[in-house]
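*Asks:* The structure is given below, and queries will be raised subsequently.
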Amino acid sequence: MVIFGLGGYEYEKTETDNWLYDNFIVPFNMEVKYRFDPFELELNKTLVPVSEDKVIPIMNDVKSIWIEPYRALVGDAFIKTFSPKKYVLVGSPEYNDETITLGQAEGGKKIVLFRMNWYNTDVKDDAEKQEQLELIQSMMKTVHHEFAHVLHQTVLYPEEYMNITPSGYTSQWNNVDSEEALEKGFISSYACASPDEDFVEMISRILVYGREAFDAQVEEASALYAKKSLQYDPAKALRDKESIVISYLKSVWNIDLYDPAPGVKGLETLVQEAIQNAVNKTN
Amino acid sequence: MKKLFIYSFLVFSLSACMEKEAAVFDKSPDERIIENIQKYENLLTSNENGWILSVETEAAGGFNHWVSFDGKNRVKMLSDAEAYNSKYFPGSSTEVIESSYSFNHMQNVVLSFDTYNYLHMLCDPQGSVNGGENSEGLVSDFQFYIKGFDENDDMIMEGRYNNSHVVVQPCSAEQKTAIDNGGLKSMHDSFNDFIGRTVNEMDFPVFEMDGKKIVLSLSSRSVSMEYLDPDGNIVKQSSGAYLGTESLSGDVPVSNLNLFTPIEINGVPFNGMVYSDGKYMVSVGENLLDFKDNGQSVFPLDFGIGREYSEIEITPEDLEGTIREPFLSDVLQKSIDGFNDFHGGARVFRYFVLSFEDDEDEGPIFSFRITYLTVSTGKSYSYYHYYTFVENEDGSVTFTSRKPSSSSSKKNSEEALKPFLDYFCEIEYDNSGNIVKTTPKTFNIRYAPNKTPGLSGGIGAFYPVDNEECYCPGVLG
Chain A
1 MVIFGLGGYE
11 YEKTETDNWL
21 YDNFIVPFNM
31 EVKYRFDPFE
41 LELNKTLVPV
51 SEDKVIPIMN
61 DVKSIWIEPY
71 RALVGDAFIK
81 TFSPKKYVLV
91 GSPEYNDETI
101 TLGQAEGGKK
111 IVLFRMNWYN
121 TDVKDDAEKQ
131 EQLELIQSMM
141 KTVHHEFAHV
151 LHQTVLYPEE
161 YMNITPSGYT
171 SQWNNVDSEE
181 ALEKGFISSY
191 ACASPDEDFV
201 EMISRILVYG
211 REAFDAQVEE
221 ASALYAKKSL
231 QYDPAKALRD
241 KESIVISYLK
251 SVWNIDLYDP
261 APGVKGLETL
271 VQEAIQNAVN
281 KTN
Chain B
284 MKKLFIYSFL
294 VFSLSACMEK
304 EAAVFDKSPD
314 ERIIENIQKY
324 ENLLTSNENG
334 WILSVETEAA
344 GGFNHWVSFD
354 GKNRVKMLSD
364 AEAYNSKYFP
374 GSSTEVIESS
384 YSFNHMQNVV
394 LSFDTYNYLH
404 MLCDPQGSVN
414 GGENSEGLVS
424 DFQFYIKGFD
434 ENDDMIMEGR
444 YNNSHVVVQP
454 CSAEQKTAID
464 NGGLKSMHDS
474 FNDFIGRTVN
484 EMDFPVFEMD
494 GKKIVLSLSS
504 RSVSMEYLDP
514 DGNIVKQSSG
524 AYLGTESLSG
534 DVPVSNLNLF
544 TPIEINGVPF
554 NGMVYSDGKY
564 MVSVGENLLD
574 FKDNGQSVFP
584 LDFGIGREYS
594 EIEITPEDLE
604 GTIREPFLSD
614 VLQKSIDGFN
624 DFHGGARVFR
634 YFVLSFEDDE
644 DEGPIFSFRI
654 TYLTVSTGKS
664 YSYYHYYTFV
674 ENEDGSVTFT
684 SRKPSSSSSK
694 KNSEEALKPF
704 LDYFCEIEYD
714 NSGNIVKTTP
724 KTFNIRYAPN
734 KTPGLSGGIG
744 AFYPVDNEEC
754 YCPGVLG
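Order-wise, the sequence lines are chains A and B. Each step along the first sequence adds one to the number in the numbering used here, with nothing skipped, and position 87 is 87. Offset between the second sequence (1-based) and the numbering used here: plus 283.
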């Protein structure tokens, strides 16, 4: 007896399907949905699918900038155990009242990446290269952000983290601009949303934007503290948070956030190198 | 007897417990679903020349696509969208996009275009993709319920998300050849050319039905109709439209224009436009109706103090084509040139605003305002001339007098503006500057034809009753 729809729709396999099978399904048991399925998304939002020619380059970047660095440090089993089992690619941004959604995660099981049609497969000049860098950083920040949630939902970070800047957390985080966030000792406006978001923003932003960029933010926070009458030193707050993040990753997962020794690469270096390779390869 | 009773009781009891089912269908629901899907997939993959898929968007009317399904979830597509806007959709009529499709069943058979192609560009919520509003795009669909077939055997579909109307027709080999050479765009070029030479040559194109005059506005993607209801209210009805394929062959200069949803007026369906006997005719029920130029607007203009409109603005460079001879040269340009010459380059004319006002000192007054640029400061200034007026019983307006200029600067340039100032009410002065003769002028104020490409908004005009040809138009405000 045939039951319609049981087992899902059977498509004729394309080159993209075969590549995803070889690079995600087989090694990591991870499904990548690029064909539009409205039931994976918000039903009341206007969204469109991704352009097919962008799927492999995008997922190649996801693999090289997220999976490979973790694999290099802690092996295959780590990714297989903790990775989200489904990626959904959407072509357009998801519009809200005053913002757009760049990425979504559901309980660590599924990650939705929006505005994937912005991905440029034919970068022509420095301006386009910069745009591509910003898109890849934004995309990978979402990936690393959501993965960091999986980690801390598996093993929570130390409670003391929540007590570093407790007065700065707010549900109105989207009304906090980046300078105000920095004054309060937060790496981003979104970090002000809650301790969990704060924690994963620290990890994802240090990885994706790099240690130097974080150090520059700390310096800026220090300058703000010298210039304004702030309740506490935001630079110290950021360093305290950084310290907990480093310790957490090492003690819980045996992952070095930064290079532990000369010639030995930490997670941040591996991610930064992968991002540069991804941007330069499309040139 | 007792045994007979027991046996009978047993037989009847058993038969009461036996349920009998009569199957309504000879196949299971899943078998019928699969069969239904197969039917449509077989049909859509059967034509090697592909199909013409016409989809209605809420924001921009109808769009035609050529689509070809290969039976292996791959579809090729072209679109006429570049005729809508070549900046957003460059090359859409000649560059094939290949993408994924699937059939599914959600309450009805659904044809889904799963990966990005021209249909999605219309739906994309990012305004920079299609010129639509952010979060909405042009408001269309890319997943469609298949509803069945219409009386022409065209496949009818409806969008799952925005209920967009879709018509799918088979493409012939000849049409395919024309489409391969950019035919989807050239159909629109042919339409615009034909309409420009015919319907748009008229000032007020109307058609008549049962004594009612109906104003028609046409584009290659939508149709709207306006008329007066029995209470004198203006009723407007619109529908998205799509061009037929008739002009692809080159045998006719313009394709028929088909409405996705017929517009009904008094129960009579208007289906679109049909090219017949060298003319574009309105298809009404079983009949074809002709256009004519009504000569003036069907609708009265509500213009005056406290009315829907009370002023018109005349910026000549924004009204090219709308301001006509003889008014353009004999009145307007003469006045503008006179003003500019009088001021020798120190002041440059910008625009006029003519309005009815209820002045707190003067009462109801007609204001003639000129705005000019003072070159040395780069700033704009205005001054006014005022007229008294009466509203006549027949609806016309007579400008009875013009107030003398109060300031010397106004008086000095009044002579330069004389053609336009006297247009409404002629004044003659003696050598001492006293008014010695006043000649009132009477006007009808009506809608005027908008002949400026790209100009939106209504155009009103003052029509001199003794010389309607020399009318003064401007943008209503």
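Heads up, the beta-carbon is just placed ideally off N, CA and C, and yes, glycines get one too.
Under 7 angstroms between the Cβ atoms of A:S188 and A:N117?
*Replies:* Sequence index remark: in the first sequence, residue 188 of chain A carries index 188 (1-based). Sequence index remark: in the first sequence, residue 117 of chain A carries index 117 (1-based). No.
*Asks:* Against A:T46, what residues of chain B qualify as contacts under a CB-to-CB distance less than 9 angstroms, listed in chain order?
*Replies:* As a working mapping, residue 46 of chain A is identified with position 46 in the first sequence. Going along chain B in sequence order, the residues near A:T46 (Cβ under 9 angstroms) are C406, D407, P408, S418, E419, G420, V422, Y444 and N445.
*Asks:* So, A:Y87 versus A:I111, is the Cβ gap smaller than 7 angstroms?
*Replies:* Stepping through the first sequence from its first residue, residue 87 of chain A is reached at position 87. Stepping through the first sequence from its first residue, residue 111 of chain A is reached at position 111. The answer is yes: Cβ separation under 7 angstroms.
*Asks:* Can you confirm whether B:K359, when its beta carbon is compared against all beta carbons of chain A, has any partner nearer than 7 angstroms?
*Replies:* Locating residue 359 of chain B in the second sequence gives position 76, counting from the first residue. Closer than 7 angstroms: no.
*Asks:* Any beta carbon from chain A within less than 7 angstroms of B:T398's own beta carbon?
*Replies:* Numbered from its first residue, the second sequence carries residue 398 of chain B at position 115. Taking Cβ atoms only, chain A reaches closer than 7 angstroms to B:T398, which makes this a yes.
*Asks:* Assign A:E183 to one of two classes, buried (16 or more other C-beta atoms within 10 Å of its C-beta) or exposed (fewer than that).
*Replies:* The residue labelled residue 183 of chain A in the question sits at position 183 within the first sequence. The residue in question, A:E183, is buried, as its Cβ has 16 or more Cβ neighbours within 10 Å.
*Asks:* Quick check: does the Cβ of B:S375 come within less than 6 angstroms of any heavy atom belonging to the ligand ADP?
*Replies:* This structure lacks the ligand ADP, and indeed carries no ligand of any kind.
*Asks:* Taking only beta-carbon atoms, is B:H448 less than 7 angstroms away from chain A?
*Replies:* Here residue 448 of chain B refers to the residue found at position 165 of the second sequence. No - not a single Cβ of chain A is within 7 angstroms of the one on B:H448.
*Asks:* Do we get a CB-CB distance below 7 angstroms when we pair B:N356 with the residues of chain A?
*Replies:* By 1-based counting over the second sequence, the position of residue 356 of chain B is 73. Chain A, which has a Cβ nearer than 7 angstroms to the Cβ of B:N356, makes this yes.
*Asks:* So, using beta-carbon positions, are B:Q409 and A:S178 closer together than 7 angstroms?
*Replies:* Mapped onto the second sequence, residue 409 of chain B falls at position 126. Mapped onto the first sequence, residue 178 of chain A falls at position 178. No, they are not a contact pair.
*Asks:* For B:S291, which of helix, strand or coil comes out of DSSP?
*Replies:* In the second sequence, residue 291 of chain B corresponds to position 8, counting from 1. If DSSP states are grouped into helix, strand and coil, B:S291 belongs with the helices.
*Asks:* Per DSSP, which residues does A:A105 bridge with? Please list them.
*Replies:* What you label residue 105 of chain A is simply residue 105 of the first sequence in a count that begins at 1. BP columns for A:A105 point to A:I111.
*Asks:* I'd like the list of long-range same chain contacts for B:D224, defined as Cβ closer than 7 angstroms, with 5 residues on each side in sequence excluded.
*Replies:* Limits of chain B in this structure are 284 at one end and 760 at the other, which puts residue 224 of chain B out of reach.
*Asks:* State the Cα-Cα distance for the pair B:M360 and B:I462, rounded to the nearest angstrom.
*Replies:* Along the second sequence, one-based indexing puts residue 360 of chain B at 77. Along the second sequence, one-based indexing puts residue 462 of chain B at 179. Cα to Cα, B:M360 sits roughly 11 angstroms from B:I462.
*Asks:* On the DSSP letters alone, give me the boundaries of the beta strand (DSSP E) that B:K662 sits inside.
*Replies:* The count along the second sequence starts at 1 and reaches residue 662 of chain B at position 379. Counting along the chain, the beta strand (DSSP E) containing B:K662 begins and ends at K662 to E674.
*Asks:* Sort B:Y664, B:F682 and B:S665 by Cα distance to B:F672 and report the nearest one.
*Replies:* Translated into the one-based positions of the second sequence, residue 672 of chain B becomes position 389. The option with the nearest alpha carbon to B:F672 is B:F682.
*Asks:* Helix, strand or coil, according to DSSP, for A:L43 in the structure here?
*Replies:* The count along the first sequence starts at 1 and reaches residue 43 of chain A at position 43. Looking at A:L43 - three-state DSSP - the assignment turns out to be coil, as it is neither helix nor strand.
*Asks:* Go to B:G767, then tell me how far its alpha helix (DSSP H) extends in each direction, as first and last residue.
*Replies:* The structure shown does not extend to residue 767 of chain B, since chain B is modelled only from 284 to 760, so the question has no answer here.
*Asks:* With DSSP as the reference, label A:L249 as helix, strand or coil.
*Replies:* Mapped onto the first sequence, residue 249 of chain A falls at position 249. If DSSP states are grouped into helix, strand and coil, A:L249 belongs with the helices.
*Asks:* Return the first residue and the last residue of the beta strand (DSSP E) that A:K129 is part of.
*Replies:* What you label residue 129 of chain A is simply residue 129 of the first sequence in a count that begins at 1. From DSSP, A:K129 is part of no beta strand (DSSP E) but of the alpha helix (DSSP H) over D126 to T154.
*Asks:* Taking Cβ-Cβ distances shorter than 8 angstroms, what residues in chain A pair up with B:S395?
*Replies:* Reading the second sequence from its first residue, position 112 is the one you call residue 395 of chain B. By Cβ distance, chain A contributes F36.
*Asks:* Distance, Cα to Cα, B:R729 vs B:Y746?
*Replies:* Position 446 of the second sequence, counting from 1, holds the residue named residue 729 of chain B. Position 463 of the second sequence, counting from 1, holds the residue named residue 746 of chain B. Each residue's Cα considered, the two are about 7 angstroms apart.
*Asks:* Within the same chain, show all residues whose beta-carbon is closer than 8 angstroms to that of A:N283, passing over the 5 residues directly before and after it, in chain order.
*Replies:* In the first sequence, residue 283 of chain A corresponds to position 283, counting from 1. Because A:N283 carries a pLDDT of 45, less than 50, the predicted location of this residue cannot be relied on, and the following value inherits that uncertainty. Cβ neighbours of A:N283 beyond the five flanking positions: V123 and K129.
*Asks:* With distances taken Cα to Cα, identify the nearest neighbour of A:H144 among A:D215, A:E31 and A:S83.
*Replies:* Along the first sequence, read from residue 1 onward, the residue named residue 144 of chain A stands at position 144. Checking every option, the nearest Cα to that of A:H144 belongs to A:S83.
*Asks:* Contact between the region 135-151 of chain A and the region 198-210 of chain A is defined here as three or more beta-carbon pairs at a separation below 8 angstroms; is this criterion met?
*Replies:* Verdict: yes, contact present.
*Asks:* So that I know if they touch, is there some Cβ in chain B lying closer than 7 angstroms to that of A:N283?
*Replies:* Working through the first sequence from its first residue, we reach residue 283 of chain A at position 283. Residue placement at A:N283 is flagged as unreliable, the pLDDT there being 45, under the threshold of 50; the coordinate-derived value follows with that caveat. With 7 angstroms as the cut-off, A:N283 does not count as an interface residue toward chain B.
*Asks:* Just the C-alpha distance for B:T721 and B:L637, rounded to the nearest angstrom, thanks.
*Replies:* Within the second sequence, the letter at position 438 stands for residue 721 of chain B. Within the second sequence, the letter at position 354 stands for residue 637 of chain B. Rounded to the nearest angstrom, the two C-alpha atoms are 20 angstroms apart.
*Asks:* For the pair the region 499-514 of chain B and the region 305-318 of chain B, tell me if three or more CB-CB distances fall below 8 angstroms.
*Replies:* The region 499-514 of chain B vs the region 305-318 of chain B: no contact.
*Asks:* Around the Cβ of A:P69, are there at least 16 other Cβ atoms within 10 angstroms (buried) or fewer (exposed)?
*Replies:* Counting from one through the first sequence, the residue named residue 69 of chain A turns up at place 69. A:P69 comes out buried.
*Asks:* Within the region 64-90 of chain A, note down every full alpha helix (DSSP H) run reaching 4 residues or more, in order along the chain.
*Replies:* Runs found: 68-74 and 76-82.
*Asks:* For B:H403, return the contacting residues in chain A, with the cut-off set at a CB-CB distance below 8 angstroms.
*Replies:* For the purposes of this step, residue 403 of chain B is taken as the residue at position 120 of the second sequence. Per Cβ cutoff of 8 angstroms: V48, P49 and G91.
*Asks:* Taking the alpha carbon of B:S665 as the point to measure from, which residue in B:E674, B:S650, B:E676 and B:K468 has its own alpha carbon closest?
*Replies:* In the second sequence, counting from the first residue as 1, residue 665 of chain B sits at position 382. That would be B:S650, whose Cα lies nearest to the Cα of B:S665.
*Asks:* If B:L759 sits next to B:I595, beta carbons under 8 angstroms apart, how far is it from one beta carbon to the other, in whole angstroms?
*Replies:* Against the second sequence, residue 759 of chain B aligns to sequence position 476. Against the second sequence, residue 595 of chain B aligns to sequence position 312. Yes, B:L759 and B:I595 are in contact; Cβ-Cβ is about 6 angstroms, under 8 angstroms.
*Asks:* Taking only beta-carbon atoms, is B:S385 less than 7 angstroms away from chain A?
*Replies:* Locating residue 385 of chain B in the second sequence gives position 102, where the first residue counts as 1. Interface residue, yes.
*Asks:* Nearest chain B C-beta to A:Y9 closer than 7 angstroms, yes or no?
*Replies:* Taking the first sequence and counting its residues from 1, the one referred to as residue 9 of chain A is at position 9. Yes, contact with chain B.
*Asks:* B:L656 lies in the beta strand (DSSP E); which residues open and close that run?
*Replies:* Position 373 of the second sequence, counted from the start, is the residue given in the question as residue 656 of chain B. Here the beta strand (DSSP E) through B:L656 covers G646 to T657.
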